[in-house]
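Participant: First the structure, which I've put down as structure tokens, then a few questions once you've had a look.
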Amino acid sequence: MANFRDIDERLSSLSAHRTLLAIRNAYLSILPYVIVMAAVTVAANLFHFAGIDTGIAVYVSHLARYLGELFPEVILLSLSWSLNSHNRIRAPAVMLVSLPVFWILCGWDQLYSEVGQQTRSLGSTIAIYPAILLTHTTFKLFARENTRSHPQRVVMSQMITFNLRYVLPGVMAVMLAIVLRFVFVALADRYAQDIYALLVDRIPYHLEVILFVMFLQVLSLFAIHGYATMLGVFEYLQNKSDVLGLPSPEFFTLYATPGGAGSVLCLMLVMLVVSSRREYKSLARISAPLTLFNISETLVFGIPLVFNLRMAWAFISVPTINASLAYAAMSMGWVAPPPNSVHWAVPYLISSYLAFDGVYLPSMLLQLTCIGCGVLIYSVAWRRYVHRERSSKDEYPVFPSRNASDSAFGDDALDIVLMEENVSRWSRIKQADRTLKWLNEGQLELVFQPIVDVSTHRIKHIEALLRYRDAQGLLHPPQFLDVLRHHPGVMEGIECWVIRTAAHHVRQWNEAGFSKRLFINVTPLFFSSGNVRRCFFNALNDCPINSLGIEITEQALLEDLPRTLSDIKLFQSMDVQFALDDFGSGYSSFNYLSQLGVDFIKLDKTLIDNIHLPRQASVVESVYQLCRHLSLQVICEGVDKDAKEARLERIGVTLMQGFLLYRPMEAPALETLLRQEKHAAGSL
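Using my numbering, the first residue of the sequence shown is number 740, and each one after it goes up by one.
Have a look at this one:
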């Protein structure tokens, strides 16, 4: 089990590589084209099945064929752009050069026939990656000096100069493609038949069929149209089955691949039943009409499954296992071989009806068994995939070093499903990046706001507040924290930094003779993250006794109340005091107030804003009296007017915090204030 988890961790890490993310994002960006192509293909097949031969039917049929034939070019251009989008000048040049390179590697003879009719099939998708690799490598080697930095705005002469410098790499890429094409053709003519015959003679027919089905899925996993690419192998297996009197390889379309490549009909059912995320359910619903006709592209490109190493094992194993079950059932005589050929786009179960000229129960039961097997395997794979995605979603390592080269493939390389989520997730990641930059460059700071005992007019405690300093030197509240709740790795780093920085100031104040308790605001990670807890324990060891306190909000407290209460007791035994922050702004349940075990209740500003009203004053007084009865000290936040202070004093509140008393201040200003207070106390 540990080995399996280790493999899963490595696959997840590899899947998160920026190059694979860029490739998957390129496939995701062409999803609209895929949906249109799939819908037109379904319409063309429906016209064909219904025997409709009108002008519209012919037009739809031709449109489906042309969309399919252009599909490799669409993939090629999308990949070229995504892998080079970090350089807006080079990307168009690479895209344009990759097209002739791709055509050359496909073979010019497959582009157009003598009468000018386009004849190239989806099998040419196998040439996409060699074309991309050749073009990208050539430009990287021979145009490196031209991609370092270009101004955002260039005059026409500069633009012409930049583009002319890409002529040589483009010409070299085309020439290399021609050479490689001739070499490949020569080697194929000389050795292909011998190698093929050697392999065929050594492999029994049933294993050939299983390997054929498995290899089709491997190709589909890399967005290569397996059936079109392996058409020659299929025809060989077809002829061999006729000679040996064995089941035709056509059976795999009947049993092994419901929904198309990867048996994605099974995955679609799992997504509809198991998925809790709205975007996945939406994708499954959109894909359903197409998947029923064995068109898998909407799911393959929509999740995406292309280059998705975490889902690869299920994508390959489900059709392979189904093919093995079907072949075994036919070999043992449990199910008769299908007497009729059925078009690949005929929906599951209906295909069995047409293949046997009526209801043939063993065949339909075998189809249902294959679906059940696929659903079982995909449910395991999908749960692990979604759980892993949720636990590591948008997660960054703590304080990584980032520079221009680290983002070679741009911020668009995200593993997402829908454009709506793409925008949201992109903005969150950009905010995380900015926060890490602020932290690494020292732009995050702590400011401090005193908590005053108005009965003595002395500073009783201090609260540490996180701020960031902009380019103009102005300090701003940390509004980005709401965004960073999606980034546990970043939040851990920030929380540890706050704890260490606060402990550093406490030690300085103690050395200067200022004995004040500093309260630190924490998130739920304080109780759930081992890294944050260790950081706080280290801070406690380095700080004087009774010098640290923790402020936690009601919402964070209630995330895991039993565990939080246990941890509060543990830290209180180490002389750490706790304050429940923003009481009155959230749940504010008096039922659990006696169970919390905190030392302070901080009444939120919204609770005392209207304290001049008799009814609101009665509410505040009732809360204060209840807290006194429970031996809880009360701190009122947001005291910004004399009238509020006076009314709170009449109620009995002595600990207050707000702009009327002190605004948040930087460390030097606070030290000066503490020094003045100490001097004033000494002179009395």
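C-beta atoms are modelled at their ideal positions from N, C-alpha and C, and glycine is treated no differently.
1) Can you tell me the Cα-Cα spacing of His787 and Leu1093, whole angstroms?
2) So, using beta-carbon positions, are Leu1257 and Val1271 closer together than 8 angstroms?
3) Measuring straight from C-alpha to C-alpha, what distance separates Leu785 and Ser837?
4) Could you pull the start and end residues of the beta strand (DSSP E) that Arg1208 belongs to?
5) Should the stretch 995-1014 be called in touch with the stretch 953-964, which here means at least 3 C-beta pairs below 8 angstroms?
6) If you scan the stretch 1255-1284 from start to end, which runs of the alpha helix (DSSP H) of 4 or more residues do you find wholly inside it?
7) Between which two residues does the alpha helix (DSSP H) harbouring Asp1321 extend?
8) Relative to the alpha-carbon of Cys1375, which residue among His1368, Leu1399, Pro1353 and Arg1354 has its alpha-carbon at the smallest distance?
9) Name the DSSP bridge partner or partners of Ile1289?
10) State the start and end residues of the unbroken beta strand (DSSP E) segment that holds Asp1338.
11) Would you grab the beta carbon distance between Ile1288 and Ala1241 for me? Rounded to a whole angstrom, and I think it's under 8 angstroms.
12) So is Ala1420 buried or exposed if we call it buried at 16+ other beta carbons inside 10 Å?
13) Report the option in Glu989, Ala1000, Gly1072 and Glu1290 whose CA atom is closest to the CA atom of Thr1037.
14) Contact defined as beta carbons within less than 8 angstroms: I believe Tyr1401 pairs with Gln1188. What is the distance between those atoms, to the nearest angstrom?
15) Within its chain, find whatever has a CB closer than 6 angstroms to the CB of Ile1284; leave out the 5 residues flanking it on each side and keep chain order.
16) In angstroms with no decimal places, state the Cα-to-Cα distance between Leu1064 and Lys1308.
17) From what residue to what residue does the beta strand (DSSP E) around Phe1374 run?
18) Would you say Glu808 faces chain C, with C-beta separation under 8 angstroms as the test?
19) Taking the DSSP output, what are the residues bridged to Phe1187?
20) Below 8 angstroms between beta carbons: does that hold for Pro831 and Phe878?
21) By how many angstroms is the C-alpha of Thr1303 removed from the C-alpha of Pro1263?
22) State buried or exposed for Phe1046, treating a residue as buried only when at least 16 other CB atoms are found within 10 Å of its CB.
23) Do you know whose CA, among Cys1109, Phe990, Lys1020 and Thr1108, lies nearest His1082's CA?
24) Excluding the five sequence neighbours on either side, which residues of its own chain have a C-beta within less than 8 angstroms of the C-beta of Ile762, listed in chain order?
25) Sorted by chain position, which residues of the same chain lie with C-beta nearer than 7 angstroms to Met834's C-beta, five sequence neighbours on each side aside?
26) With distance defined between alpha-carbon atoms, name the residue in Ala1203, His1196 and Val1193 nearest to Val1186.
27) Please confirm whether Glu1290 and Asn1249 have their CB atoms less than 8 angstroms apart.
28) Could you check whether Leu1213 and Val1237 sit closer than 8 angstroms to each other, using their CB atoms as the reference points?
29) So what does DSSP say about Arg1141, is it helix, strand or coil?
30) Nearest by alpha-carbon distance to Gly1391: which of Ala1408, Glu1410, His1215 and Arg1367 is it?
31) Roughly how many angstroms separate the alpha carbons of Val1114 and Ser987, rounded to a whole number?
32) Cα-Cα, which of Phe1322, His1418 and Arg920 is closest to Gly1252?
33) Residues in the same chain with beta-carbon distance under 8 angstroms from Gln1311, minus the five sequence neighbours each way, listed in chain order, please.
34) Assign Phe1276 to one of two classes, buried (16 or more other C-beta atoms within 10 Å of its C-beta) or exposed (fewer than that).
35) For a minimum of 4 consecutive residues, which ranges assigned as the alpha helix (DSSP H) are wholly contained in the stretch 1088-1123?
Facilitator: Reading it off the structure:
1) Straight through space, the alpha carbons of Leu1093 and His787 are spaced by roughly 15 angstroms.
2) no
3) 36 angstroms
4) Arg1197 to Arg1208
5) Three or more Cβ pairs closer than 8 angstroms define a contact, and the stretch 995-1014 meets that threshold against the stretch 953-964.
6) 1264-1267 and 1269-1281
7) It is not in any alpha helix (DSSP H) - Asp1321 instead sits in the beta strand (DSSP E) that spans Gln1316 to Phe1322.
8) Ranking His1368, Leu1399, Pro1353 and Arg1354 by Cα distance to Cys1375 puts Leu1399 first.
9) Ile1259 and Phe1317
10) Per DSSP, Asp1338 belongs to no beta strand (DSSP E) and is neither H nor E.
11) Reading off the sequence, residue 1288 comes out as Gly, not Ile. Their Cβ separation, rounded to whole angstroms, is 10 angstroms, which puts Gly1288 and Ala1241 out of contact at 8 angstroms.
12) exposed
13) Ala1000
14) 6 angstroms
15) A distance below 6 angstroms between beta-carbons, with the five flanking residues on each side excluded, links Ile1284 to the following residues of its chain, in chain order: Asp1314.
16) 59 angstroms
17) It should be pointed out that residue 1374 corresponds to Ile in this sequence rather than to Phe. Taken as a continuous stretch (DSSP letters only), the beta strand (DSSP E) holding Ile1374 covers Gln1372 to Cys1375.
18) Considering every chain present, this structure includes no chain C. It has just one protein chain.
19) Ala1203 and Met1404
20) Not in contact: Pro831 and Phe878 (Cβ atoms no closer than 8 angstroms).
21) 9 angstroms
22) buried
23) Phe990
24) Leu818, Ser821, Leu822, Val1045 and Phe1046
25) Leu816, Ser819 and Trp820
26) The option with the nearest alpha carbon to Val1186 is Ala1203.
27) It is not a contact, given that the beta carbons lie outside the stated cut-off.
28) no
29) Its pLDDT being 36, under 50, Arg1141 is placed unreliably by the model, and the measurement read from it follows with that caveat. Coil at Arg1141, not helix or strand.
30) Arg1367
31) 26 angstroms
32) His1418
33) Hits under 8 angstroms: Phe1317, Gly1336 and Asp1338.
34) exposed
35) Look at the stretch 1088-1123 and you find these whole runs of alpha helix (DSSP H), each 4 residues long or longer: 1089-1094.
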